[in-house]
Amino acid sequence: MTPYLLAAPLIAFMIAFYVLPVVAMLMRSVSDPSWTLQHYAALPDDVVFLKTFANTFYTSLIVTLASLLLGYPVALALVRAPRWALVILVLIMLPFWTSVLVRSYAWMVLLGRHGLFNEALIAAGMIDRPLRILNTPLATQIAMSHILLPYMILPIANALRQIDPSLLRAASGLGSPPWRTFLQVTLPLSMPGVAAGVLLVFVLALGFYITPAMVGGPREITISMLIAQRVDQLDWAYAATLSAVLLATALAIIGAFYRLPGVGNAFRMNAR
Amino acid sequence: MAAELNAVNGSGRGASVLLTDLEKRFDRTNAVDGVSLDIRSGEFLTLLGPSGSGKTTTLMMIAGFETPTAGDIAIDGMSVVAMPPYRRNIGMVFQNYALFPHLTVEDNIGFPLKQRGVPKTERTKLVGEALELVQLPGYGGRYPRQLSGGQQQRVALARAIVFKPRLLLMDEPLGALDKQLRENLQLEMRRLHADLGITFIYVTHDQEEALTMSDRIAVMNDGKVAQVGRPEDLYDRPCNRFVAGFIGESNFLPAVVRDLEDDIVVAECEGVLVRALCPARPANGTKVTLTTRPERLRFADTLNGHAPQNRMSVTVTEAVFAGERCRYLLRAADGASIVLKEPSSAAIRRRQVGEQAEIAWSVADTILV
Numbered sequence: 043m044t045p046y047l048l049a050a051p052l053i054a055f056m057i058a059f060y061v062l063p064v065v066a067m068l069m070r071s072v073s074d075p076s077w078t079l080q081h082y083a084a085l086p087d088d089v090v091f092l093k094t095f096a097n098t099f100y101t102s103l104i105v106t107l108a109s110l111l112l113g114y115p116v117a118l119a120l121v122r123a124p125r126w127a128l129v130i131l132v133l134i135m136l137p138f139w140t141s142v143l144v145r146s147y148a149w150m151v152l153l154g155r156h157g158l159f160n161e162a163l164i165a166a167g168m169i170d171r172p173l174r175i176l177n178t179p180l181a182t183q184i185a186m187s188h189i190l191l192p193y194m195i196l197p198i199a200n201a202l203r204q205i206d207p208s209l210l211r212a213a214s215g216l217g218s219p220p221w222r223t224f225l226q227v228t229l230p231l232s233m234p235g236v237a238a239g240v241l242l243v244f245v246l247a248l249g250f251y252i253t254p255a256m257v258g259g260p261r262e263i264t265i266s267m268l269i270a271q272r273v274d275q276l277d278w279a280y281a282a283t284l285s286a287v288l289l290a291t292a293l294a295i296i297g298a299f300y301r302l303p304g305v306g307n308a309f310r311m312n313a314r
Numbered sequence: 250m251a252a253e254l255n256a257v258n259g260s261g262r263g264a265s266v267l268l269t270d271l272e273k274r275f276d277r278t279n280a281v282d283g284v285s286l287d288i289r290s291g292e293f294l295t296l297l298g299p300s301g302s303g304k305t306t307t308l309m310m311i312a313g314f315e316t317p318t319a320g321d322i323a324i325d326g327m328s329v330v331a332m333p334p335y336r337r338n339i340g341m342v343f344q345n346y347a348l349f350p351h352l353t354v355e356d357n358i359g360f361p362l363k364q365r366g367v368p369k370t371e372r373t374k375l376v377g378e379a380l381e382l383v384q385l386p387g388y389g390g391r392y393p394r395q396l397s398g399g400q401q402q403r404v405a406l407a408r409a410i411v412f413k414p415r416l417l418l419m420d421e422p423l424g425a426l427d428k429q430l431r432e433n434l435q436l437e438m439r440r441l442h443a444d445l446g447i448t449f450i451y452v453t454h455d456q457e458e459a460l461t462m463s464d465r466i467a468v469m470n471d472g473k474v475a476q477v478g479r480p481e482d483l484y485d486r487p488c489n490r491f492v493a494g495f496i497g498e499s500n501f502l503p504a505v506v507r508d509l510e511d512d513i514v515v516a517e518c519e520g521v522l523v524r525a526l527c528p529a530r531p532a533n534g535t536k537v538t539l540t541t542r543p544e545r546l547r548f549a550d551t552l553n554g555h556a557p558q559n560r561m562s563v564t565v566t567e568a569v570f571a572g573e574r575c576r577y578l579l580r581a582a583d584g585a586s587i588v589l590k591e592p593s594s595a596a597i598r599r600r601q602v603g604e605q606a607e608i609a610w611s612v613a614d615t616i617l618v
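Chains as they are written, first to last, in our numbering: chain D, 43 to 314; chain B, 250 to 618.
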């Protein structure tokens with residue numbers, strides 16, 4: 043009973059300021075102007091919604107893939123090179139402690155027409171005119187990958203750290219060269235961490251707002267931007283419907299991932 | 250690679266291993282400090298010692314997981330110091346078994362075969378044979394976590410021998426198992442060693458295990474080899490105090506050399522003259538330590554007929570009945586403590602504390618160290 047008592051203040055807070063508003067918001071999607079499912083029924087024929095939904099999925103997919111490919115080697119270095127572990131960890135966490143807003147501005151400065159990136163390429167004589175990167179899907183993908191990278195690295199590093207080092211020795215002793223040991227032992231045993239990282243990054247990317255709004259293109263908007271637009275237009279019912287769809291999508295993905303073996307464990311705190 | 254090694258020295262099914270002045274330095278301490286050992290083809294050699302004696306580090310250097318700071322390791326006459334572990338073709342069983350948790354028993358055992366490019370059908374056949382050999386037929390489809398500790402150890406053993414290495418290394422493989430299972434597996438490993446005919450190097454801190462299983466034992470202490478020999482040699486003829494104390498129980502009595510006769514030394518100990526075997530020839534007056542095993546001492550009045558040469562008067566200070574034997578703590582004339590173990594029998598009178606007695610033992614059971 044005591045654990046529940048200890049958690050009671052937080053539970054009360056969450057119910058009052060989180061659960062009730064969310065429920066109230068979701069209710070609007072079925073009760074505005076009167077009890078109806080018309081907002082949901084209209085979605086399959088709503089071209090703007092379909093395009094935005096597809097774009098959001100696509101962006102999340104690219105960002106997840108990019109952070110996986112960039113993050114896995116870093117996670118491996120973090121675990122296998124104890125001398126550099128602290129330096130690597132600080133490099134990962136430093137941006138993590140900075141506001142998303144600040145980091146998105148930083149990317150605007152870097153990727154703009156007269157940003158550092160273009161200036162450097164021109165100075166090096168590689169291009170004549172500045173490239174258009176800012177306000178394109180590419181800018182969104184780059185900035186979001188950077189911002190979400192720690193969410194990929196940390197679960198993977200955690201999974202890698204839990205691999206018994208004697209397994210790697212055993213593999214080597216049994217005749218497996220290092221790269222084969224990686225493919226046959228390290229990689230499969232780190233899959234729960236990979237799944238956890240992919241899940242975190244993908245679900246966070248689905249709902250990302252600030253970064254795509256600041257560095258992304260005007261045409262390739264995401265669900266969260268569409269919701270914001272509709273709220274601006276005071277179209278609360280439509281915004282609530284989109285939110286419900288986004289929430290349901292995220293929950294469905296989380297539910298599916300939790301059925302994968304070992305993923306539930308990857309999220310569990312290490313009690314030892 | 251197996252063919253490569255066989256070509257170098259085709260004699261016997263087991264590899265010979267030659268360690269020359271092997272040294273491993275960590276920071277400022279020598280974990281292994283000048284170990285030289287000549288391990289013969291097909292031998293069961295045990296590295297025995299307390300924790301921190303360097304036995305596991307020595308094994309890890311043979312396997313290739315540690316690089317020696319000095320010295321050489323030659324397998325079948327070929328130096329392997331510069332060779333990575335995955336090219337050494339050595340079977341290895343780890344203390345915690347190190348089975349791959351994501352692979353079935355069959356795939357675990359097939360792992361070394363897969364690395365060697367053995368085709369699938371051949372692999373299945375060899376894995377089946379290995380499972381028969383460790384008495385686990387039909388377990389191929391299970392995962393390691395579904396097996397008991399003893400079964401996991403058998404799988405680890407099967408995995409280490411399935412690719413027919415000429416050398417098998419074992420690092421305290423039975424350490425985590427209970428006594429009964431350990432004794433069964435000890436016998437099984439002896440049988441396996443006899444069947445396979447390959448060289449076994451076995452690391453343990455359990456002297457009983459070392460005595461029962463090994464052809465020869467290398468006792469290690471402080472990174473050095475204290476003594477190498479057959480189990481009975483180490484037990485009957487320990488050549489230093491460490492070995493005498495580490496293997497079995499020993500009485501240590503201070504003594505002074507008084508006379509030398511052929512290969513026998515006469516020493517004065519607790520006021521009486523005692524005869525002892527001594528390969529070294531200490532000069533008269535040298536202070537030495539006289540060593541005897543508790544179970545080789547007898548109360549003189551229980552011996553009828555043959556009379557061992559060494560005798561001493563003692564007082565019983567403690568008497569413990571321990572089932573198969575009685576254990577007595579005795580005090581000699583000058584105050585030294587002596588332990589005596591007597592096989593129990595209803596026909597033998599139990600001594601009382603405070604009783605005077607005379608003990609006797611033979612010269613062959615008396616060693617000077």
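Backbone N, C-alpha and C define an ideal beta-carbon position, used for all residues, glycine too.
All of these numbers come straight from a predicted model, not from anything done at the bench.
Own chain, CB closer than 8 Å to residue i, minus 5 neighbours either side, in chain order
i        : result
Gly249/D : Ile265, Ser266, Leu288, Ala292
Ser300/B : His454
Val121/D : Ala127, Ala199, Leu202, Arg203
Ile252/D : Val142, Leu143, Ser146
Integer-rounded CB distance, given that residue j should sit under 8 Å from residue i
i        : j        : result
Leu286/B : Met310/B : Not quite, the Cβ-Cβ distance comes to about 12 Å (not below 8 Å), so this is no contact.
Val266/B : Thr448/B : 7 Å
Arg507/B : Ala493/B : Not confirmed; about 22 Å, so no contact.
Leu502/B : Cys518/B : 5 Å
Ile339/B : Pro386/B : At roughly 26 Å, the Cβ-Cβ gap does not stay under 8 Å, so Ile339/B and Pro386/B are not in contact.
Ala237/D : Phe299/D : 6 Å
Ser204/B : Pro557/B : Examination of residue 204/B is not possible in this model, given that chain B is present from 250 through 618 alone.
Thr106/D : Val227/D : In fact, because the Cβ distance is near 25 Å, the residues do not count as touching under 8 Å.
Arg547/B : Ile608/B : 7 Å
Leu296/B : Leu308/B : 7 Å
Close-in-space but distant-in-sequence residues of the same chain around residue i (CB under 7 Å, 5 per side omitted)
i        : result
Ala252/B : The predicted model places Ala252/B with a pLDDT of 43, which falls under 50 and marks its position as unreliable; any figure quoted below should be read in that light. So no residue of the chain qualifies.
Thr461/B : Gln435
Leu68/D  : Ala282, Ala286
Ile169/D : Leu163
Asp614/B : Thr541, Arg542, Arg545
Val565/B : Tyr577, Leu579, Arg600, Gln601, Val602, Gly603, Glu604, Ala606
Arg486/B : Ile616
Met56/D  : none
Thr94/D  : Ile263, Thr264, Ile265, Leu268
Gly520/B : Ala582, Asp583
Tyr346/B : Gln401, Gln402, Ala405
Ile296/D : Leu241, Val245
His412/B : Checking the sequence shown, residue 412/B turns out to be Phe, not His. These residues qualify, in order along the chain: Pro361, Leu362, Arg365.
Beta-bridge partners of residue i, as assigned by DSSP
i        : result
Trp221/D : None, per the DSSP bridge assignment.
Phe548/B : Ile608/B
Arg465/B : Leu294/B
Tyr251/D : The partner list for Tyr251/D (beta bridge, DSSP) is empty, contrary to what the question assumes.
Tyr46/D  : Answer by DSSP bridge pairing: none, since Tyr46/D is not bridged.
Leu208/B : Residue 208/B lies beyond the stretch modelled for chain B, which goes from 250 to 618, so this question has no answer here.
Val65/D  : According to DSSP, Val65/D bridges with nothing at all.
Gln476/B : Val468/B
Tyr451/B : Thr295/B, Met419/B
Ala568/B : Tyr577/B
Ala323/B : Leu267/B, Ser328/B
Other residues of its chain near residue i: CB distance less than 6 Å, five sequence neighbours each side excluded
i        : result
Thr178/D : Gly259
Phe59/D  : none
Glu292/B : Thr448, Asp464
Arg262/B : Gly446, Ile447
Lys619/B : With chain B covering only 250 through 618, there is no way to say anything about residue 619/B.
Closer than 8 Å to chain A by CB, residue i
i        : result
Tyr392/B : Any reference to chain A falls outside this structure, whose protein chains are D and B.
Worksheet item: Where in the segment 326–408 of chain B do unbroken runs of the alpha helix (DSSP H), each at least 4 residues long, occur, reported from the N-terminal end onward?
Response: Contiguous alpha helix (DSSP H) elements confined to the segment 326–408 of chain B occur at 354–364, 369–382, taking only those with 4 or more residues.
Discussion item. With three or more C-beta pairs closer than 8 Å as the rule, is the segment 141–158 of chain D touching the segment 194–207 of chain D?
Written reply: Under the three-pair Cβ rule at 8 Å, the segment 194–207 of chain D does not count as touching the segment 141–158 of chain D.
Fill in: Length-filtered (3 minimum) beta strand (DSSP E) runs lying within the segment 571–607 of chain B
Fully enclosed beta strand (DSSP E) runs of 3 or longer: 574–581, 586–592.
Discussion item. Taking contact to mean 3 or more Cβ pairs, one atom from each stretch, closer than 8 Å, check whether the segment 419–437 of chain B and the segment 398–409 of chain B are in contact.
Written reply: Taking 8 Å as the limit for Cβ pairs, the verdict is that the segment 398–409 of chain B does touch the segment 419–437 of chain B.
Worksheet item: Touch check for the segment 82–98 of chain D and the segment 214–231 of chain D: three-plus C-beta pairs under 8 Å?
Response: With the cut-off at 8 Å, the segment 82–98 of chain D and the segment 214–231 of chain D do not touch.
Worksheet entry | Validate contact between the segment 345–360 of chain B and the segment 370–389 of chain B using beta carbons, cut 8 Å, 3 pairs | Taking a cut-off of 8 Å for Cβ pairs, the segment 345–360 of chain B and the segment 370–389 of chain B touch, as three or more such pairs fall below it.
Worksheet item: In chain order, which continuous runs of the beta strand (DSSP E) of length 3 or greater are located wholly inside the segment 524–548 of chain B?
Response: Taking only runs of at least 3 residues, the beta strand (DSSP E) segments lying wholly in the segment 524–548 of chain B are 536–541.
Discussion item. Can you confirm whether the segment 239–258 of chain D touches the segment 179–188 of chain D when touching is taken to mean that 3 or more C-beta pairs between the two stretches lie within less than 8 Å?
Written reply: A contact between stretches requires three or more CB pairs, one per stretch, nearer than 8 Å, and the segment 179–188 of chain D meets this requirement with the segment 239–258 of chain D.
Practice prompt. Would you list, in sequence order, the uninterrupted alpha helix (DSSP H) runs of no fewer than 4 residues that lie entirely inside the segment 240–290 of chain D?
Written response: Counting whole runs of 4 or more residues, the segment 240–290 of chain D contains the alpha helix (DSSP H) stretches 252–257, 265–274.
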